[in-house]
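There are 2 protein chains.
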Amino acid sequence: MTYAKTTAFTEEQQQLARVAKALAHPARVAIIQLLASKRTCISGDIAAELPLSRTTVSQHLQELKALDLIRGEIDGLTVCYCLNTELLRHVHQQFTAFFVESTAADTCAPGSACC
Amino acid sequence: MTYAKTTAFTEEQQQLARVAKALAHPARVAIIQLLASKRTCISGDIAAELPLSRTTVSQHLQELKALDLIRGEIDGLTVCYCLNTELLRHVHQQFTAFFVESTAADTCAPGSACC
DNA sequence: ATACTATGTCGTATATTTGCGTCATACTTC
DNA sequence: GAAGTATGACGCAAATATACGACATAGTAT
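Right, dumping it as structure tokens:
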């Protein structure tokens, strides 16, 4: 991903791609849904709910944390993870803008040859 | 990605992850934006507009086509790619549902210990 | 202090992605 | 038909991602 050419894209495009990548694995989607459904911050229970080893889940958590999509607070022996709802809302807007832009009109101009 | 365990997730989660993965590279985001801005279907011009080789762009196009996000129609010597706006709208809804679900309420219950 | 528990980090094997050169295909034009 | 052009398919090297066991760390509890 971090090939040289990657730098030649818009910061906006890279940002969207970065977040999309974070959601590009079912486990991470599941983690976010889990954190949303349980209204309370859970910790290693997440691993128990997923069909993956604790280690692997921890890695996925770190990835989400690296993008600040989730936050972890140490509470004694356990760590409480919460969604960063503010960021998520912002990301949602970014995605919406992208999709709206892409679906604004049917792409092909009325008289275009193809399609 | 196609590890054994991957099957253990919801079809919904896998679907979202699949699409997210398609958007997980700036080149593919750029391609979609390009197709949206040029109101007419373009073909190999896409490669010319991107800082990547024709071959690489072709691969990204195939990836988007595999998910049916874009469609290509052969028009003589060239191929016209168009956005599948209908699918994109549907995907937009899926993402929106996911984000709304995730940001519906602040995750932590009022009296929870952490956060 | 000692034993126990919850997490993160590291190392590593395997799988997948990415980028691109080269070749094959197919249509156009002369 | 021969030459030229636009694309996709194939193959390969380098980069990443994925999964997980083993170890390190840090707080709890007795």
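Read top to bottom, the protein sequences are chains P and E.
Counted from 1, the first sequence has number 45 at position 45 by full-length UniProt numbering; the numbering is strictly sequential.
Counted from 1, the second sequence has number 112 at position 112 by full-length UniProt numbering; the numbering is strictly sequential.
Glycine residues also receive a C-beta, built at the ideal position from the N, C-alpha and C atoms.
Using the Cα positions of Ala48(E) and Arg54(E), report the straight-line distance between them to the nearest angstrom.
One-based indexing of the second sequence puts residue 48(E) at position 48. One-based indexing of the second sequence puts residue 54(E) at position 54. Going from the Cα of Ala48(E) to the Cα of Arg54(E) covers about 8 Å.
Evaluate Thr2(E) with the Cβ neighbour count: other Cβ atoms within 10 Å of its Cβ, from every protein chain shown; 16 or more gives buried, anything less gives exposed.
Counting from 1 along the second sequence, the entry for residue 2(E) is found at position 2. A caution first: Thr2(E) carries a pLDDT of 39, below 50, which makes its placement in the model unreliable, though a value can still be read off. It is exposed - the Cβ of Thr2(E) has fewer than 16 other Cβ atoms within 10 Å.
Would Glu101(E) pass as a contact of Ala36(P) if the rule is Cβ separation under 7 Å?
On the second sequence, position 101 is the one that residue 101(E) refers to. On the first sequence, position 36 is the one that residue 36(P) refers to. Yes; because the gap between Cβ atoms is below 7 Å, this pair is in contact.
C-beta atoms of Gln13(E) and Ala30(P) nearer than 7 Å
Taking the second sequence and counting its residues from 1, the one referred to as residue 13(E) is at position 13. Taking the first sequence and counting its residues from 1, the one referred to as residue 30(P) is at position 30. A contact, by the Cβ cut-off of 7 Å.
Could you say if the region 50–69 of chain E and the region 81–97 of chain E meet the contact criterion of at least three C-beta pairs nearer than 8 Å?
yes
Neighbourhood of Asn84(P) by C-beta distance below 8 Å, restricted to the same chain and skipping five residues each side
The count along the first sequence starts at 1 and reaches residue 84(P) at position 84. The answer, listed in chain order, is Asp68, Leu69, Ile70 and Arg71.
Go through its chain and collect everything with a Cβ distance to His25(P)'s Cβ below 8 Å, but skip five positions before and after it.
Residue numbering aside, residue 25(P) sits at position 25 when the first sequence is read from its first letter. Closer than 8 Å at the Cβ level, and outside the excluded window around His25(P), lie His60.
Within chain P, the residues that Ala24(E) reaches when beta carbons sit closer than 7 Å:
In the second sequence, the residue the question calls residue 24(E) occupies position 24. The answer, in chain order, is Ala17, Ala20, Lys21 and Ala24.
Around the Cβ of Leu77(E), are there at least 16 other Cβ atoms within 10 angstroms (buried) or fewer (exposed)?
Working through the second sequence from its first residue, we reach residue 77(E) at position 77. Exposed, by the Cβ-count rule.
Reference Ile46(E), options Ala22(E), Phe99(E), Ala104(E) and Val79(E), closest by Cα
Indexing the second sequence from 1 puts residue 46(E) at position 46. The option with the nearest alpha carbon to Ile46(E) is Val79(E).
Three-state class that DSSP yields for Lys45(E) in the structure shown
Numbered from its first residue, the second sequence carries residue 45(E) at position 45. Per the sequence shown, residue 45(E) should be read as Asp rather than Lys. If DSSP states are grouped into helix, strand and coil, Asp45(E) belongs with the helices.
Flag Arg89(E) as yes if its beta-carbon sits less than 7 Å from any beta-carbon of chain P, otherwise no.
The residue given as residue 89(E) occupies position 89 in the second sequence. Yes, its Cβ sits closer than 7 Å to a Cβ of chain P.
Please confirm whether Ile32(E) has its beta-carbon closer than 7 Å to some beta-carbon of chain P.
Residue mapping note: residue 32(E) aligns to position 32 of the second sequence, counting from 1. It does: the Cβ of Ile32(E) has a partner Cβ on chain P nearer than 7 Å.
If you reduce the DSSP assignment to three classes, tell me which class Arg39(P) lands in.
Residue numbering aside, residue 39(P) sits at position 39 when the first sequence is read from its first letter. Correct three-state label for Arg39(P): coil.
C-alpha distance - Phe99(P) paired with Gln33(E), whole-angstrom precision:
Reading the first sequence from its first residue, position 99 is the one you call residue 99(P). Reading the second sequence from its first residue, position 33 is the one you call residue 33(E). The alpha-carbon atoms of Phe99(P) and Gln33(E) are separated by roughly 9 Å.
Span of the beta strand (DSSP E) holding Thr78(P)?
Residue mapping note: residue 78(P) aligns to position 78 of the first sequence, counting from 1. Thr78(P) -> beta strand (DSSP E) spans Thr78 to Leu83.
Which partner residues does Ile70(E) have in the DSSP bridge list?
By 1-based counting over the second sequence, the position of residue 70(E) is 70. For Ile70(E), which the question treats as bridged, DSSP gives the partners Leu83(E).
Whole angstroms is fine: what's the gap from Glu11(P)'s alpha carbon to Ser43(P)'s?
One-based indexing of the first sequence puts residue 11(P) at position 11. One-based indexing of the first sequence puts residue 43(P) at position 43. Spanning the two alpha carbons is a distance of roughly 33 Å.
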